[in-house]
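Residues are numbered in the numbering used here as their position in the sequence shown, beginning at 1, plus a constant of 1.
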Amino acid sequence: MNKIKDNCFNDFDSNAISVEIAVQKILRSIKTKASSERVKIKQALGRVLAEDIKSTINVPNYKNSAMDGYAINVEDFSQENNIYKCIGESFAGDPYTNKVGINKAIKVMTGGLVPDSCNAVIMKELVKIKNNMIEIQSKVVKDQNIRFPGEDIKKNQKVLLKGNEIDEIDIGILASLGIEYIPVYKKPTIGFISTGDELVSIKKSIKPSQVYDSNRYLLHGLLTKYPVAIKDYGVVKDKLASIKKKFDKASSECDVLITTGGVSVGEADFVKDVLTLLGKVSFWKISVKPGRPLAFGKIKNCIFFGLPGNPVSVVVTFNLFVRSAVDKLVGKKNKNSLALTAELVSDIKKRKGRKEYKRGILISRNKKLFVKTSGSQGSNILSSVKDANCYIELDEQMGQLKKGNSVKVLPFSLSSEHYE
Ligand code: AMP
Ligand code: MG
């Protein structure tokens, strides 16, 4: 790669590392929390399995009917021999277990046990019933309308793997196997602190030069989606001694500490200095927009993320860096995320030198994908994230982009509302 020199017309910074290297460094310094606990499946939503789960039964557990109808043995059926005597009934939960002989049938409900002596079920709409006799008026094929043991899940089959994040379908599957408790990784503790003299709590009225502390609420929301214990350490003023005291206490109580603000090179930015004093800075500049100043390191055993102060930077850097760290910490094996290619519907301004994550609106029209930016892209404009449904990922080397150019798009999620 041709390395372009830093100058005031581009965004290159030779002290900044790439997004990929930053993620590698972060992942290398994190180990999954080894200890596990057993939880009831109802309490397991979002938790991560610490062991593989094997089925101890077949699902279904017995041969049963997929229809309301009549069970017969197909060997004695022909167009000429299609009259059967109905000798019993098999309901779900109330089986018929005797032998069903030649030219005999039983009435069977959906989910009702089909005896070994029967090998086909005829829908009740396809037979004529007179007294206790039925006349079959359709073709009959062996095994039709029968559900076999183990058709869904076989005994001893691995159903869910270690590292799987439990969702509502998994809970249904576990219940179908009669499993009440599962082993999951213990929750790591993640704390967060806002830094800034201008920050005001949401209950108070605000004066000019003050800002409501939205980052703590943002982080609380972002972290609530993970199987972690959350600790809110409030706000700390831009004073080295206060920051040091707070970081020291919080880092001794948490597996991960996230701070926002005060990480740049301004006169009131002490986060990096305190991290140097108490622990170790691994890196603090990433060639990314938003989020260039981001202090990553450790205070004793506590992983430290000093995120920038602007709320958009908090969301983007959380998604790019903190999320992969938390996933690894909680033992989650990542599902592949989906990247798409879409056509720009308007020009995009960009300087070379940093990888940018613009907030975008992706739509599908006439089977083609189009994308545009979602309003003002300033890192303080949180509504640009609210209105967006994707990131537009633009590489470091890219400069201005024109309407019609193809760009890489990372959807936030894939619900149908993204498509017009
Ligand atoms: P800083 O990184 O401390 O220079 O902050 C950058 C910008 O983000 C400033 O405009 C701050 O007022 C704003 N900011 C910092 N922390 C917060 C917060 N907790 N909530 C909302 N805005 C914040
Ligand atoms: Mg600040």
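Even glycine gets a Cβ: it sits at the ideal position worked out from N, Cα and C.
Model, not experiment: these values are computed from the prediction.
Between the CA atoms of residue j and residue i - distance to the nearest angstrom
i                 : j              : result
valine 282        : alanine 45     : 36 Å
asparagine 302    : aspartate 256  : 7 Å
glutamate 421     : valine 346     : Per-residue confidence for glutamate 421 stands at a pLDDT of 38, beneath the threshold of 50, marking its modelled position as unreliable; no derived number is given.
asparagine 3      : asparagine 11  : Residue placement at asparagine 3 is poorly supported in this model, since its pLDDT is 47, which falls under 50; the coordinates are not used for a value here.
serine 15         : isoleucine 259 : 26 Å
arginine 148      : glycine 262    : 60 Å
valine 212        : lysine 351     : 29 Å
serine 19         : isoleucine 58  : 50 Å
phenylalanine 78  : aspartate 69   : 19 Å
phenylalanine 193 : proline 184    : 28 Å
arginine 39       : tyrosine 182   : 6 Å
glycine 173       : serine 56      : 13 Å
aspartate 270     : isoleucine 170 : 46 Å
glycine 235       : lysine 336     : 33 Å
serine 139        : isoleucine 107 : 17 Å
lysine 204        : arginine 217   : 14 Å
isoleucine 137    : glycine 89     : 17 Å
leucine 374       : serine 36      : Note on residue identity: the sequence assigns threonine, not leucine, to residue 374. C-alpha separation (whole angstroms): 44 Å.
lysine 26         : valine 327     : 14 Å
serine 91         : glutamate 126  : 17 Å
Contact test: residue i Cβ vs the ligand MG heavy atom, cutoff 7 Å
i             : result
aspartate 274 : no
glycine 262   : yes
threonine 196 : yes
alanine 230   : no
aspartate 249 : no
glycine 489   : Within the shown structure, residues of the chain are numbered from 2 to 421, placing residue 489 beyond reach of any answer.
aspartate 12  : no
glycine 310   : yes
aspartate 53  : no
aspartate 348 : no
aspartate 239 : yes
Member of the options whose CA lies at the smallest distance from the CA of residue i
i           : options                           : result
valine 75   : Thr261, Ile130, Asn104 and Tyr218 : Asn104
proline 228 : Leu28, Thr33 and Asp14            : Thr33
serine 243  : Arg217, Tyr218 and Asp274         : Asp274
leucine 223 : Ala67, Ala51, Asn320 and Gly94    : Asn320
glycine 354 : Ala343, Lys64, Pro291 and Phe305  : Pro291
proline 150 : Pro61, Ser66, Lys108 and Val201   : Pro61
glycine 332 : Val49, Ile22 and Lys26            : Val49
serine 177  : Lys155, Ser195 and Lys100         : Lys155
cysteine 87 : Ser66, Ile130 and Asp95           : Ile130
Any non-hydrogen atom of the ligand AMP closer than 7 Å to residue i Cβ
i             : result
glutamate 199 : yes
aspartate 214 : yes
glycine 267   : yes
aspartate 233 : no
arginine 148  : no
asparagine 62 : no
arginine 39   : no
Limits of the beta strand (DSSP E) - the one that residue i falls within
i                 : result
tyrosine 85       : 84-91
serine 314        : Counting along the chain, serine 314 falls outside any beta strand (DSSP E), though it belongs to the alpha helix (DSSP H) covering 312-318.
arginine 366      : 356-366
aspartate 233     : 230-237
leucine 402       : From DSSP, leucine 402 is part of no beta strand (DSSP E); its letter is neither H nor E.
tyrosine 97       : Note, tyrosine 97: premise wrong, no beta strand (DSSP E); not H, not E.
phenylalanine 297 : 294-300
Where the alpha helix (DSSP H) containing residue i begins and where it ends
i              : result
threonine 277  : 272-279
glycine 47     : Segment: none, glycine 47 is in no alpha helix (DSSP H) and carries neither H nor E.
isoleucine 207 : Taken as a continuous stretch (DSSP letters only), isoleucine 207 belongs to no alpha helix (DSSP H), as it is neither H nor E.
serine 215     : Counting along the chain, serine 215 falls outside any alpha helix (DSSP H), and DSSP gives it neither H nor E.
leucine 411    : Per DSSP, leucine 411 belongs to no alpha helix (DSSP H); it is in the beta strand (DSSP E), 407-412.
Min CB distance residue i to chain B below 8 Å
i             : result
methionine 68 : As a matter of chain content, chain B is missing from the structure shown, which is built from one protein chain.
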